[in-house]
Structures are given as C-alpha cells and as structure tokens.
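Contents: one structure, followed by commentary.
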Amino acid sequence: MVGIVAAIGSEVTKFKVGDRAGVGTFVDSCRNCPECLAGDDQFCSEGGYSTHIISAEHYTHKVPDNLDLAGVAPLLCAGITTYTPYKRYGLNKPGMKIGVVGLGGLGHMAVKFGVAFGCEVYVISRSKAKEAEALAMGAKAVIPTNDEEAIKAHANQLDGIIDTVAAKHDYTPLFTMLKAKATMCVVGAPPGDASFPWGPMLFKALTLCSSLVGNPGDTQEMLDFCGEKNVVSDVEVIDMEYVQTAFERMEKGDVKFRFVIDVNKSLAV
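Once you know that position 234 of the sequence shown is 234 in UniProt numbering, the rest is easy, because the numbers rise by one and skip nothing.
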C-alpha cells in the first residue's frame with residue numbers, strides 16, 4: 001500500500017504528517033525471534049482495504065517524491081520479490097546477461113530492474129507474444145522456449161536466470177542457456193513439486209536458489225533505487241467495485257501488469 005501519512009505516534013521520528021509512505025507485504029513482527037533479530041523480519045512466524053491504517057514505523061517506507069503512487073504500490077510485493085535476487089546473488093553487475101522467465105507482474109519488474117542495473121536482459125517465454133512489451137522495457141530479446149534453435153543459439157550464454165513463472169514448466173531449456181557457475185533463482189511458485197535436470201546442474205556447477213520478498217532495509221533500498229532510476233510498475237488503476245471483474249480478467253491473463261485499487265476514491269465519503 002502507498003499513501004500519505006495522516007497522523008503519527010508520539011515516538012515516530014522517521015515520518016511527519018504529509019509524507020508519502022509505503023507499507024509492504026507485512027506490517028509487524030515479533031522482533032524477538034532469531035529471524036527478526038538477524039534482520040530477516042520476513043521470515044517471522046508471528047506475523048488493508050480501508051481509507052486509513054495504523055502502521056508500525058519499522059515497516060513503513062519512505063516513497064520518493066518523483067514516483068507515481070499507483071506505480072509504487074506493486075513495488076512493495078512484486079518489486080521487492082524481484083529486486084532482492086539481483087542483490088543477494090550478485091546478479092546486478094553491469095554487463096551481466098540475465099534471463100527472466102515470464103513477463104507478468106513479477107517478470108516485468110525483473111526486466112526493469114535488470115535493465116536499471118545495466119544488465120543485458122533476455123525475456124524467456126513460451127512464445128514471442130509479448131515481444132513488443134519486453135523490448136519497450138529495455139530487454140535485449142525474447143527467447144521462446146518452443147523454439148529449439150533459439151535455445152541452442154543462447155546455450156551457455158546467461159550469467160543468471162530469475163524464474164517468475166507460477167505454472168508448471170520445463171526447466172531443461174533454462175539450464176541449457178546458463179553458463180558454467182551461473183545462478184538459477186526461482187521466485188515463482190508453481191504448484192506441486194518441481195523436477196530439475198541434474199546433469200547440467202552438476203557438470204556446470206550451477207547454483208539453484210530462491211528468494212522471498214525482502215526485509216525492511218531491502219525494501220527501502222529498493223524504493224530509493226527506484227526513485228533514482230525512475231522505476232515503477234506498469235499498472236491499471238481500478239475502483240473497488242471493479243475488483244470481481246479484475247479477478248476474472250486476471251485468471252484469463254488479461255492484465256498488464258498489475259491491478260491497483262484506488263481505495264481512497266472508492267471509499268470516499
């Protein structure tokens with residue numbers, strides 16, 4: 001969620017009334033468990049559609065003034081989910097060749113971050129149906145997984161892949177395109193168990209990893225980076241009464257690339 005600070009508690013020092021602020025996928029934690037004490041609040045096991053919410057300062061983030069609030073809202077979920085792998089696994093070095101699997105809500109942010117970091121980004125998809133959108137975001141090319149020749153042409157070329165797809169898919173062509181000692185990071189959540197080709201993983205010494213959103217420090221760093229690079233999500237702003245239609249469209253894949261509910265307008269009194 002993003003909005004304007006309407007009131008603050010007596011001990012708040014980070015914000016003042018009128019500041020632009022954002023709250024991510026969680027708004028509080030116990031702050032006493034081993035995970036919280038290590039700075040990984042997103043793993044705490046103790047873990048709003050309204051005109052106002054009360055938010056702990058620890059989980060409320062400064063939103064750069066130059067960014068559109070609607071475009072910022074998905075950054076606090078899809079954005080941090082795809083920003084963190086770049087930083088955590090060293091995939092953010094300029095000139096690196098990075099593959100992004102899928103061009104949906106997560107995928108389009110992974111592309112934008114890769115381009116902003118100065119990487120050479122390739123969108124990996126079932127077809128070239130979204131090629132125009134991918135190129136407009138700065139991607140170098142779209143590699144269709146249904147084209148064996150395209151896969152061969154990019155064999156052993158990629159330094160890393162960020163897989164954002166939430167449907168079952170074949171990992172073999174992805175591992176084919178990774179170079180030796182490359183990184184495969186999965187942030188999508190396909191149903192059931194996954195099967196990976198162990199041959200190329202072993203003989204290329206590949207790293208297989210995953211990532212879960214980010215901690216408060218990661219999130220503020222991402223927002224600051226977005227302000228510097230002018231990165232926001234591509235969104236369609238809707239009113240509350242349109243939510244059911246939005247869900248139906250989403251199930252059909254008819255959204256580019258995130259719906260954002262204008263709660264203030266919908267619940268205005």
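Even glycine gets a Cβ: it sits at the ideal position worked out from N, Cα and C.
| Check | Outcome |
| --- | --- |
| Could you tell me which whole alpha helix (DSSP H) segments of length 4 or greater appear in the region 71-130? | 78-88, 105-116 |
| Can you have a look at H154 and say buried or exposed, based on whether 16 or more other CB atoms are within 10 angstroms of its CB? | buried |
| What does the Cβ neighbour count give for M222, buried or exposed, with the cut at 16 atoms within 10 Å? | buried |
| Taking the alpha carbon of A246 as the point to measure from, which residue in D234, F259, V235 has its own alpha carbon closest? | F259 |
| Go through its chain and collect everything with a Cβ distance to residue 312's Cβ below 6 Å, but skip five positions before and after it. | The chain is shown only over 1 to 269; residue 312 falls outside these bounds and no answer can be derived. |
| Would you be able to state if there are at least three C-beta pairs under 8 Å between the region 169-184 and the region 82-101? | yes |
| Please give me, in chain order, every unbroken run of the beta strand (DSSP E) with length at least 3 that falls completely inside the UniProt domain "Alcohol dehydrogenase-like N-terminal" (1-65). | 2-4, 20-23, 60-62 |
| Based on Cα-Cα distance, which residue from A129, I238, L135 lies nearest to V263? | I238 |
| Does the region 108-127 come close enough to the region 226-238 that 3 or more CB-CB pairs lie under 8 Å? | yes |
| Between the beta-carbon of H169 and the beta-carbon of V101, is there less than 9 Å? | yes |
| Looking only at its own chain, which residues have a Cβ that is under 6 Å from the Cβ of D28, when we skip the five neighbours before and after it? | A56 |
| Tell me the rounded alpha-carbon separation between Y242 and A73. | 18 Å |
| Excluding five sequence neighbours on each side, which residues of the same chain lie with their C-beta closer than 6 Å to the C-beta of L174? | I161 |
| Less than 9 Å between the C-beta atoms of D218 and K87, yes or no? | yes |
| My parser needs the alpha helix (DSSP H) runs of 4 or more residues fully inside the region 142-205; what are they? | 148-153, 172-177, 198-203 |
| Which residue's Cα is closest to the Cα of Y59: C36, T51, D65? | C36 |
| In terms of residues, what are the limits of the beta strand (DSSP E) holding S210? | 207-210 |
| Expressed to the nearest angstrom, what Euclidean distance is found between the alpha-carbon atoms of S127 and I8? | 49 Å |
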